[in-house]
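Read the structure below first, then the notes.
In the working numbering, the protein residues as written are 1 to 123.
So, in structure tokens, the structure goes:
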């Protein structure tokens, strides 16, 4: 059984319109990409979609009350809501540096949540 999906590539600033042919759950053809990133993006998006998740968590004793965080790498798209649920109620203590691990192995993915902003301690 053959299926055709239309996607807009996010692999580079070009935003190519892609046409992806899928047979038996596998990508067999990608049309419309102007660079190799388009083919890679289409294959991944159609067979194993992943995303970087961004959010924020509360900070205790800091000059600001919250710090922005993100997954260190992309996680499976079907784990996003579990990731967000696990971040609820997380509180970190200042000081915080960019790259500090805020939550390990989020949603059982093996991926950590890290801080994306520095937060100094309130003096």
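Glycine included, C-beta positions come from ideal geometry on N, C-alpha and C.
So for residue 104, helix, strand or coil by DSSP?
The sequence position of residue 104 within the chain shown is 104, counting from 1. Coil at residue 104, not helix or strand.
Taking 7 Å as the threshold (C-beta atoms), are residue 59 and residue 117 in contact?
Position 117 of the chain shown, counted from the start, is the residue given in the question as residue 117. Position 59 of the chain shown, counted from the start, is the residue given in the question as residue 59. For residue 117 and residue 59, no; Cβs fall outside 7 Å.
Measuring alpha carbon to alpha carbon, tell me which of 50, 41, 119, 8 ends up nearest residue 93.
Start at 1 with the first residue of the chain shown, and residue 93 comes out as number 93. Considering only alpha carbons, the answer is 119.
Measuring only the C-alpha atoms, how far is residue 57 from residue 22?
Position 57 of the chain shown, counted from the start, is the residue given in the question as residue 57. Position 22 of the chain shown, counted from the start, is the residue given in the question as residue 22. Each residue's alpha carbon lies about 40 Å from the other.
How is residue 94 classed by DSSP in three states: helix, strand or coil?
For the purposes of this step, residue 94 is identified with residue 94 of the chain shown, where counting begins at 1. Coil, per DSSP.
Of all the beta strand (DSSP E) runs that stay within the bounds of the stretch 20-70, which reach a length of 3 or more residues?
Listed in chain order, the complete beta strand (DSSP E) runs (minimum 3 residues) inside the stretch 20-70 are 26-31, 54-60.
Looking at C-beta atoms only, is the number of pairs between the stretch 14-31 and the stretch 60-79 that lie closer than 8 Å three or more?
no
Given that a residue counts as buried once 16 or more other Cβ atoms are within 10 Å of its Cβ, and exposed if not, what is residue 125?
Look at the range of the chain in this structure, 1 to 123, and you will see that residue 125 is not part of it.
Who are residue 120's beta bridge partners in DSSP?
Mapped onto the chain shown, residue 120 falls at position 120. In the DSSP output, where bridge partners are listed per residue, residue 120 has none listed.
For residue 10, which of helix, strand or coil comes out of DSSP?
For the purposes of this step, residue 10 is identified with residue 10 of the chain shown, where counting begins at 1. Here residue 10 sits in coil by DSSP.
Assuming the contact rule is C-beta atoms closer than 8 Å, residue 11 and residue 40 should be a hit. Round their C-beta distance to whole Å, please.
Indexing the chain shown from 1 puts residue 11 at position 11. Indexing the chain shown from 1 puts residue 40 at position 40. The pair is a contact, with the Cβ atoms about 7 Å apart (cut-off 8 Å).
So residue 102 and residue 111 are in contact, right, with Cβ under 8 Å, and what is the actual spacing, rounded?
Within the chain shown, numbered from 1, the residue matching residue 102 stands at position 102. Within the chain shown, numbered from 1, the residue matching residue 111 stands at position 111. The Cβ separation is near 12 Å, so there is no contact.
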